[in-house]
Structure formats: C-alpha cells, structure tokens
Amino acid sequence: KAGVTQTPRYLIKTRGQQVTLSCSPISGHRSVSWYQQTPGQGLQFLFEYFSETQRNKGNFPGRFSGRQFSNSRSEMNVSTLELGDSALYLCASSLALMSGEITYEQYFGPGTRLTVT
Amino acid sequence: LAKTTQPISMDSYEGQEVNITCSHNNIATNDYITWYQQFPSQGPRFIIQGYKTKVTNEVASLFIPADRKSSTLSLPRVSLSDTAVYYCLVAFQTGANNLFFGTGTRLTVIP
Chain A
580 KAGVTQTPRY LIKTRGQQVT LSCSPISGHR SVSWYQQTPG QGLQFLFEYF
630 SETQRNKGNF PGRFSGRQFS NSRSEMNVST LELGDSALYL CASSLALMSG
680 EITYEQYFGP GTRLTVT
Chain L
8 LAKTTQPISM DSYEGQEVNI TCSHNNIATN DYITWYQQFP SQGPRFIIQG
58 YKTKVTNEVA SLFIPADRKS STLSLPRVSL SDTAVYYCLV AFQTGANNLF
108 FGTGTRLTVI P
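Protein chains in written order, with the working numbering: chain A, 580 to 696; chain L, 8 to 118.
Here is the structure:
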C-alpha cells in the first residue's frame with residue numbers, strides 16, 4: 580500500500596506570496612492532519628480534517644487554512660507569507676473509522692520544505 | 008498553554024533498555040500519549056499510543072504513572088538502527104487546540 584505523499588517536496592516563495600501544499604493520504608484513511616516543524620518551535624499541530632470537515636485546529640493565525648476533498652486528499656494554504664513561515668510542513672493520515680473514533684496512530688508523509696525569502 | 012518537555016539527548020549502548028521521559032501538565036485519565044520516532048529527512052513514525060497506566064506492543068512499552076504528570080517510552084534492547092529523535096504527543100480529549108508535541112529527544116545508540 581502506498582504511503583502518504585506530499586507535493587511539492589521543496590518550495591521557495593517570497594514574502595507576501597501565498598502557497599498551496601498538497602497531501603494524498605494512505606488509501607482508506609479518512610483523517611488528515613497537518614503539522615509545522617521548525618528548529619525553534621519544534622512540531623506544532625495546524626489542523627485536522629475528517630470527511631471534508633475540519634475537526635480540530637491548532638493555534639495558528641487565519642493565514643493558515645486547509646481543506647479536504649471527497650477522496651480524502653487535502654490541501655493547506657498559507658497566505659501573505661512571512662519569513663517565519665519557513666518550515667517543514669508535514670501531513671499525516673490515520674484510519675479513523677468513525678467520526679468520533681480516537682486514534683493518534685498517524686502515518687506521516689516526507690513533508691514539504693517551504694523556504695520564504 | 009500546555010508545555011511538554013523531554014531531555015534533549017540520550018546515549019545508550021546496543022542491547023540496553025532505554026527509557027525516555029516526557030513531562031507534561033497532569034493529564035486526565037482519558038488523555039492520550041503517543042510516541043513517534045523520526046529519522047533525518049523523514050516524517051515521524053508511530054511507535055505506540057495509550058492512555059492507561061501501561062501499554063505494550065511488539066516494539067515498545069508506554070508507562071504513565073498515577074499522577075499523570077509524565078509518561079515514559081521504554082525501548083528494550085536498542086540497536087544502532089534505533090538512533091533517531093523521539094517525540095511524545097499529548098492529546099487532551101477536551102477543548103480545542105489539544106495536541107502538543109514534546110521537544111524531542113535525540114537518542115544515540117553506541118556500538
């Protein structure tokens with residue numbers, strides 16, 4: 580079974596621009612979460628989607644948004660990029676069978692490394 | 008704001024048992040702890056999860072003491088391939104913004 584894939588793997592943007600990152604979860608996984616990883620702040624939770632609905636959200640400004648499609652693929656968007664948005668953005672999927680099922684057994688993709696100049 | 012801390016680094020010889028601790032606010036009885044392993048240039052990899060006092064799977068054990076102010080990942084008989092960064096993830100079952108990763112522990116296994 581194919582793992583979580585993220586595109587693009589590397590991206591360079593300029594301050595003020597916007598960016599969209601894509602994530603394809605493992606087949607059959609309906610929950611997709613996004614995380615930001617930086618040397619200074621470590622791993623931080625952005626948001627989680629299940630069945631096209633945002634189920635949970637971390638403490639990030641509104642410039643960070645996401646969505647999930649009917650095939651469970653997900654995108655996240657960052658608008659008005661700032662230098663501090665430079666990070667590795669990780670997507671993870673999990674096999675949550677029901678909307679209320681709790682599991683943190685997540686499968687991570689390799690990440691998209693975003694550099695803002 | 009929840010703060011979840013771990014030792015920055017640990018060294019261990021091959022074949023030894025390694026215990027990595029994650030310190031956090033006292034968590035509720037149904038709040039989850041999950042541990043992940045991360046190699047360079049890769050996303051984290053799931054190791055174990057649970058909310059009870061002790062959970063064991065084929066690769067590790069998770070211990071949460073009665074005061075629930077910390078949790079410990081136990082790796083039996085580590086090998087060189089276990090050299091990686093280990094993260095705990097605390098998942099509070101109430102409230103929004105409820106997922107917090109620990110600061111990460113770099114484990115180096117020595118031959």
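For every residue, glycine included, the Cβ atom is placed at its ideal position computed from N, Cα and C. Please read all numbers here as calculations on a predicted model, not as lab measurements.
Selection from the options that minimises the alpha carbon distance to residue i
i: A/Phe624; options: A/Lys580, A/Ser630, A/Gln585 and A/Lys636; result: A/Lys636
i: L/Pro43; options: L/Thr36, L/Ala35 and L/Arg52; result: In the sequence on display, residue 43 of chain L carries Tyr and not Pro. With distances taken between Cα atoms, L/Tyr43 lies closest to L/Arg52.
i: L/Gln49; options: A/Arg652, A/Phe629 and A/Cys670; result: A/Cys670
i: L/Ala35; options: L/Tyr93, L/Ile71 and L/Thr112; result: L/Ile71
i: A/Leu600; options: A/Asn656, A/Gln685, A/Val695 and A/Tyr686; result: A/Asn656
i: A/Thr691; options: A/Gln596, A/Lys580, A/Gln647 and A/Trp613; result: A/Trp613
i: A/Glu654; options: A/Ala581, A/Pro587 and A/Lys580; result: A/Pro587
i: A/Gln597; options: A/Gln685, A/Ser665, A/Phe687 and A/Gly621; result: A/Ser665
i: A/Thr682; options: A/Gly619, A/Phe648 and A/Glu627; result: A/Glu627
As assigned by DSSP and simplified to three states, the class of residue i
i: A/Gly663; result: helix
i: L/Ser30; result: strand
i: A/Leu674; result: coil
i: L/Asp18; result: strand
i: A/Ser603; result: strand
i: L/Ser88; result: helix
i: A/Phe639; result: coil
i: A/Thr696; result: coil
Distance, residue j Cα to residue i Cα
i: L/Ser30; j: L/Ser78; result: 7 Å
i: L/Leu69; j: A/Gln616; result: 24 Å
i: L/Pro83; j: A/Leu674; result: 28 Å
i: A/Leu662; j: L/Gln13; result: 28 Å
i: L/Gly109; j: A/Asn650; result: 32 Å
i: A/Tyr589; j: L/Tyr20; result: 36 Å
i: A/Gln585; j: A/Thr632; result: 20 Å
Rounded distance between the beta-carbons of residue j and residue i, thought under 8 Å
i: L/Asp38; j: L/Ala91; result: Incorrect: roughly 25 Å between the Cβ atoms, too far for contact.
i: L/Asp89; j: L/Leu114; result: 6 Å
i: L/Ile54; j: L/Val62; result: Not confirmed; about 11 Å, so no contact.
i: L/Leu80; j: L/Ile27; result: 5 Å
i: A/Lys580; j: A/Ser610; result: No, A/Lys580 and A/Ser610 are not in contact; Cβ-Cβ is about 16 Å, not under 8 Å.
CB contact below 9 Å: residue i versus chain D
i: A/Val583; result: The chain inventory of the structure shown lacks chain D, comprising the protein chains A and L.
Chain A contacts from the region 17-37 of chain L (Cβ-Cβ distance under 8 Å): none
Contact list for the region 93-110 of chain L against chain A, Cβ threshold 9 Å: Tyr94, Leu96, Ala98, Gln100, Ala103, Asn104, Asn105, Leu106, Phe107, Phe108, Gly109 and Thr110
Cβ-based contacts, 9 Å cut-off: residues of the region 619-638 of chain A near chain L: Gly621, Leu622, Gln623, Phe624, Glu627, Asn635, Lys636, Gly637 and Asn638
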